[in-house]
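Trainee: Throughout the sequence shown, residue numbering follows the numbering used here, covering 756 to 1519 in sequence.
The structure follows.
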Amino acid sequence: MVNSSILGFPRMGVNRDLKKATEAYWAGKISQAELLSEAKRLRLEHWGIQKKAGVDIIPSNDFALYDQVLTHIQDFGAVPDRYSKSNLDPIDEYFAMGRGHQKDGVDVPSLEMVKWFDSNYHYVKPTLQDNQTFKLNPNPKAVVEFLEAKEAGIITRPVLVGPVSFLALGKPDRGQTVDPIDLLDKLVPIYEELLAKLKAAGAETVQIDEPVLVFDLPAKTKAAFKPTYEKFASLGDKIPKLVFTTYFGDIVHNIDAVPTDIYAVHIDLVRNPEQLETVIGALGPKTILSAGVVDGRNIWKTNLKRAIEIVETAIQKLGKDRVIVATSSSLLHTPHTLASEKNLDPEIADWFSFAVEKASEVAVIAKAVTEGPAAVREQLEANAKSMQSRASSTRTNDPKVKERQSKITPDMYNRKSEFPIRIAQQQKSLGLPLFPTTTIGSFPQTKEIRIQRNKFTKGEITAQEYEKFIEKEIQDVVKIQEELDLDVFVHGEPERNDMVQYFGERLNGYAFTTHAWVQSYGSRCVRPPIVVGDISRPAPMTVKESKYAVSISKKPMKGMLTGPITCLRWSFPRDDVHQSVQAEQLALALRDEVVDLEAAGVFVIQVDEPALREGLPLRAGKEREAYIDWAVKSFRLSVSGVKDSTQIHSHFCYSEFQDFFHAIAALDADVLSIENSKSDAKLLKVFVDEAYPRHIGPGVYDIHSPRVPSEQEIKDRIEEMLQYLKPEQLWIDPDCGLKTRQWAETKAALTNMVNAAKFYRQKY
Ligand code: GLN
Ligand code: ZN
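Laid out in structure tokens, this is it:
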């Protein structure tokens, strides 16, 4: 019999219940006991869903209140002193590492949070010391949750981040020099202890995630796999059987690092079906293959026929007993259920499958290969019909869009003049001081904003009333920015539910959902729109609000757009045409918007591309070069229609430029704002080394945390930055948009920021 399995289930719940509970807890509105009981309710519900769908192998410990890597940091006793010394209760210590803590005399910023591979999920980085030790929590979460499921009658497969990946995804703490992978000998015994505890609790198998195996690894990291897993193998049945799990790429280039004396190996066959044969050839004589054939990263209905063919290929080589049908990765990256979508056009809805539906898909595939296709004939027929309908639908093809794409000329990728000429004109028309201050676009999205937007969506207030409300919000933020004495204003984005969804709703070719939320980090969720067909802009998308903002403000007002790559990456893209084609369509739509903004009197325009880097193929080589080429082109296509005197900004939410610098430079943006407050200012050295000529605003404080940075802290940051950047190059801004913050902390932080900028303005 072929078993079906799921690598992880979304945690938020059908109505983002976990988000609501954690935020209520942070706000002091519910107790810790209430939070934990809600979390338990969600876990039980999600196990129940999977069981009901007929999934044989159901995960546990895939749940986390904030982030699964953070759970490991705490359970392994890898909590940096600055948190542990405060003697917070464990849950508060956990949240302190995730989001910072500033209460009752304790004041600690959060640990660094970065993108989980090439997804839009973010994990908390293990942050390690030179003299790091580890100690297992006496009640590790993996054990607690396994027992919880067991009590509910479900024997789950606990999920752990594997030791090599845990360390390889970590970093030395500030001022430390340890290479995390050197800590492996100290960490492996902790895993042995944890695995033994899981075994004692009744776990027969454990999913041990080693996704770093899809990277190009340093030799030392690669060499770490074999001895580590041999050690586990030597423990025999003192520990559960291990499912060595990889995803988001192929492992062929690291195949010699895959353990052979292991119960099972999981690979992602959605991304890289071609790795099947090589991996099968490298499996140990008894090792099971877990075939990831149901996409954990997208929302398209699985082509069951194709998935079954892949699984059958594996069965032919290995036999039924040595194959498991699985999702390609955790379903964390997919929304909860399609059943919540009441407003989707039924034609389109029929093409989708979210987590709950994917659970049924793995079960159907497993049944088809176990009992033969006749056992699931009805499902297979319905599936074939959906596939056919999507391929032939007129909604996917727009000849006008294709025609415009065919007429793109090379000059459309270039600004009229080079940067020195442009900046001189911009200086003249904008008249900004040295160290200009600005923000990244959004201001706090208050409860009132959400209430009014909701009312408008539900038809309880008219478009006119809503417009008036938005104008009032814009007036308020303009006034506040005047009071703060910022130099380049923003309108605050009150009309935007989300930086991508908002555009998706205004473009042809997109479908959007009402409940399809996906966790981005902590309690933050995004609702990616879905690219279903060729994309075009039927009408201006942001001009009305920006024009209004310009009309009431005395300082330059920055227009705010989301760039083509980010629109694409933070949507669920089509899987039937290449992403470069979709990006080019988006770029043309945005190009029209940029030109319209300029015509409306907006002379600073920021085109955010925070997702540019996450789209970078995980491994170096041809595919990566090709991506950089089409991604850079699409950005340039979107912004190059303006005059020299119009200043183009772009924003990136990350500070890892070492391997990506030439792509960023090739964008030719007049001003870049980048995230920097939580990383070493040394990273800015690359701008010096490469003689980067344009303007840069490395974020001076972290906006992911409610903590207010002091003026001195910001000055120190600026001082560090000035070691690398020229004064006339440096802009002063926060790390990212402020929409998730409250007003009180926002005003306090920006006051300190503006004062710090003024201090340096005087000094130079
Ligand atoms: N302009 C957006 C904002 O301020 C940028 C957000 C982002 O880069 N993630 O919210
Ligand atoms: Zn950002």
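For each residue, glycine too, the CB sits at the ideal point set by N, CA and C.
(1) Give the DSSP-derived three-state secondary structure of Gln1467 in the structure shown.
(2) On the CB-based measure, 16 or more other CB atoms within 10 Å of its CB, does Asn770 come out buried or exposed?
(3) Report all residues from its chain with a CB closer than 7 Å to the CB of Phe1514; omit the five preceding and five following residues, and keep chain order.
(4) In three-state DSSP terms, what is Tyr1276?
(5) Compute every distance between the C-beta of Ser1197 and the non-hydrogen atoms of the ligand GLN, then say whether any falls below 7 Å.
(6) Whole angstroms is fine: what's the gap from Met1476's alpha carbon to Met1508's?
(7) In terms of alpha-carbon separation, which member of Val1049, Asp1011, Trp1055, Ile1054 lies closest to Val1034?
(8) For Tyr838, count neighbouring C-beta atoms within 10 Å of its own C-beta (all shown protein chains included) and say buried if the count is 16 or more, exposed if not.
(9) For the putative contact between Val1119 and Leu1024, defined by C-beta atoms under 8 Å, what is the C-beta separation to the nearest angstrom?
(10) Count the other C-beta atoms from every protein chain shown that fall within 10 angstroms of the C-beta of Ile1206, then say buried if there are 16 or more, exposed otherwise.
(11) When you compare the segment 1217-1233 with the segment 1485-1499, are there three or more beta-carbon pairs, one atom per stretch, that lie closer than 8 Å?
(12) Do Gly1259 and the ligand ZN come close, with the Cβ less than 7 Å from some heavy atom?
(13) Under three-state DSSP, which class holds Asn758?
(14) In the DSSP assignment, find the unbroken alpha helix (DSSP H) run with Pro1175 in it and report its ends.
(15) If Gly1264 and Val1286 are in contact, beta carbons under 8 Å, what's the gap, nearest whole angstrom?
(16) Between Cys1322 and the ligand MG, is the CB less than 7 Å from at least one heavy atom?
(17) Pull up the distance between the alpha-carbon of Asp1363 and that of Leu1087, whole angstroms please.
(18) With distance defined between alpha-carbon atoms, name the residue in Glu1133, Lys1056, Thr932 nearest to Glu1116.
(19) Using the Cα positions of Glu1500 and Asp1435, report the straight-line distance between them to the nearest angstrom.
(20) Could you tell me whether the Cβ of Trp1486 comes closer than 8 Å to any Cβ of chain C?
(21) Roughly how many angstroms separate the alpha carbons of Arg1251 and Phe1258, rounded to a whole number?
(22) Distance, Cα to Cα, Pro864 vs Lys1157?
(23) Pull up the CB-CB distance for Thr1068 and Leu1031, whole angstroms please, since I reckon it's below 8 Å.
(24) What do you get for Asn1431, buried or exposed, if any count of 16 or more other CB atoms within 10 angstroms of its CB means buried?
(25) Which value, in whole angstroms, describes the spacing of the CA atoms of Gln887 and Val861?
(26) Does Lys775 come out as helix, strand or coil in the three-state DSSP assignment?
(27) Restricting to Cα atoms, I'd like to know which of Glu1466, Leu1341, Thr1192 is closest to Leu1427.
(28) Is it the case that the CB of Lys1494 approaches a heavy atom of the ligand GLN more closely than 7 Å?
(29) Which two residues bound the contiguous beta strand (DSSP E) that contains Tyr1265?
(30) Give me the residue from Asp1242, Ser1172, Leu949 with the minimum Cα distance to Thr1506.
(31) Just verifying my parser: in three-state terms, what is the DSSP assignment at Val1007?
(32) Would you say Arg854 and Ser1460 are within 8 Å of each other, going by their C-beta atoms?
(33) What do you get for Asn1053, buried or exposed, if any count of 16 or more other CB atoms within 10 angstroms of its CB means buried?
(34) In terms of residue numbering, what span does the beta strand (DSSP E) encompassing Pro913 cover?
(35) Let me know the secondary structure DSSP gives Asp1488 once reduced to three states.
(36) Is it true that the CB of Met868 sits closer than 8 Å to the CB of Trp1272?
Mentor: The structure says:
(1) Position 712 of the sequence shown holds residue 1467. In this structure, Gln1467 counts as helix in the three-state DSSP scheme.
(2) Here residue 770 refers to the residue found at position 15 when the sequence shown is read from its first residue. The residue is exposed, with fewer than 16 neighbouring Cβ atoms inside 10 Å.
(3) Counted from its first residue, the sequence shown places residue 1514 at position 759. Result list for Phe1514: Lys1470, in chain order.
(4) Locating residue 1276 in the sequence shown gives position 521, counting from the first residue. Tyr1276 falls in the strand class under three-state DSSP.
(5) Here residue 1197 refers to the residue found at position 442 of the sequence shown. True, at least one ligand heavy atom lies under 7 Å from that Cβ.
(6) In the sequence shown, counting from the first residue as 1, residue 1476 sits at position 721. In the sequence shown, counting from the first residue as 1, residue 1508 sits at position 753. Taking the straight line joining both Cα atoms gives about 14 Å.
(7) Mapped onto the sequence shown, residue 1034 falls at position 279. Checked all of Val1049, Asp1011, Trp1055, Ile1054; the closest Cα to Val1034 is Asp1011.
(8) Here residue 838 is taken as the residue at index 83 of the sequence shown, counted from 1. Per the 10 Å Cβ criterion, buried.
(9) Looking up residue 1119 in the sequence shown gives position 364. Looking up residue 1024 in the sequence shown gives position 269. Actually they do not touch by this definition, with Cβ atoms about 17 Å apart.
(10) Numbered from 1 along the sequence shown, position 451 holds the residue referred to as residue 1206. That one is exposed.
(11) no
(12) Numbered from 1 along the sequence shown, position 504 holds the residue referred to as residue 1259. Outside the cutoff, so no.
(13) Position 3 of the sequence shown, counting from 1, holds the residue named residue 758. DSSP places Asn758 in strand when its eight states are reduced to three.
(14) Locating residue 1175 in the sequence shown gives position 420, where the first residue counts as 1. Segment 1174-1185, the alpha helix (DSSP H) holding Pro1175.
(15) Walking along the sequence shown from the start, residue 1264 turns up at place 509. Walking along the sequence shown from the start, residue 1286 turns up at place 531. Rounded, the Cβ-Cβ distance is 6 Å, consistent with contact.
(16) This structure lacks the ligand MG; its bound ligands are the ligand GLN and the ligand ZN.
(17) For the purposes of this step, residue 1363 is taken as residue 608 along the sequence shown, with counting starting at 1. For the purposes of this step, residue 1087 is taken as residue 332 along the sequence shown, with counting starting at 1. Rounded to whole angstroms, Asp1363 to Leu1087 spans 25 Å at the Cα level.
(18) Your numbering for residue 1116 matches position 361 in the sequence shown. Here the closest residue by C-alpha is Lys1056.
(19) Translated into positions along the sequence shown, residue 1500 becomes position 745. Translated into positions along the sequence shown, residue 1435 becomes position 680. Straight-line Cα distance between these residues: approximately 24 Å.
(20) Looking at the structure shown, chain C is missing, and only one protein chain is on hand.
(21) To locate residue 1251, count along the sequence shown from 1; it is residue 496. To locate residue 1258, count along the sequence shown from 1; it is residue 503. Approximately 9 Å, taken between the alpha carbons.
(22) One-based indexing of the sequence shown puts residue 864 at position 109. One-based indexing of the sequence shown puts residue 1157 at position 402. Approximately 49 Å, taken between the alpha carbons.
(23) For the purposes of this step, residue 1068 is taken as the residue at position 313 of the sequence shown. For the purposes of this step, residue 1031 is taken as the residue at position 276 of the sequence shown. Right, the Cβ-Cβ distance comes to about 6 Å (below 8 Å), so this counts as a contact.
(24) Mapped onto the sequence shown, residue 1431 falls at position 676. By the 10 Å Cβ count, Asn1431 comes out buried.
(25) For the purposes of this step, residue 887 is identified with residue 132 of the sequence shown, where counting begins at 1. For the purposes of this step, residue 861 is identified with residue 106 of the sequence shown, where counting begins at 1. If I take the Cα positions, the gap works out to 23 Å.
(26) Sequence index remark: in the sequence shown, residue 775 carries index 20 (1-based). If DSSP states are grouped into helix, strand and coil, Lys775 belongs with the helices.
(27) Within the sequence shown, numbered from 1, the residue matching residue 1427 stands at position 672. The candidate whose alpha carbon is nearest that of Leu1427 is Thr1192.
(28) Residue numbering aside, residue 1494 sits at position 739 when the sequence shown is read from its first letter. True, at least one ligand heavy atom lies under 7 Å from that Cβ.
(29) If you number the sequence shown from 1, residue 1265 lands on position 510. 1263-1266 is the span of the beta strand (DSSP E), which, as asked, contains Tyr1265.
(30) To locate residue 1506, count along the sequence shown from 1; it is residue 751. Closest by alpha carbon: Asp1242.
(31) Within the sequence shown, residue 1007 is the residue found at index 252, counting from 1. Three-state DSSP puts Val1007 in a helix.
(32) Looking up residue 854 in the sequence shown gives position 99. Looking up residue 1460 in the sequence shown gives position 705. For Arg854 and Ser1460, yes; Cβs fall inside 8 Å.
(33) By 1-based counting over the sequence shown, the position of residue 1053 is 298. Its Cβ being crowded by 16 or more others within 10 Å, Asn1053 is buried.
(34) In the sequence shown, residue 913 corresponds to position 158, counting from 1. Taken as a continuous stretch (DSSP letters only), the beta strand (DSSP E) holding Pro913 covers 912-916.
(35) For the purposes of this step, residue 1488 is identified with residue 733 of the sequence shown, where counting begins at 1. The answer is coil: DSSP assigns Asp1488 none of H, G, I, E or B.
(36) Within the sequence shown, residue 1272 is the residue found at index 517, counting from 1. Within the sequence shown, residue 868 is the residue found at index 113, counting from 1. No, the pair does not count as a contact, with Cβ atoms beyond the cut-off.
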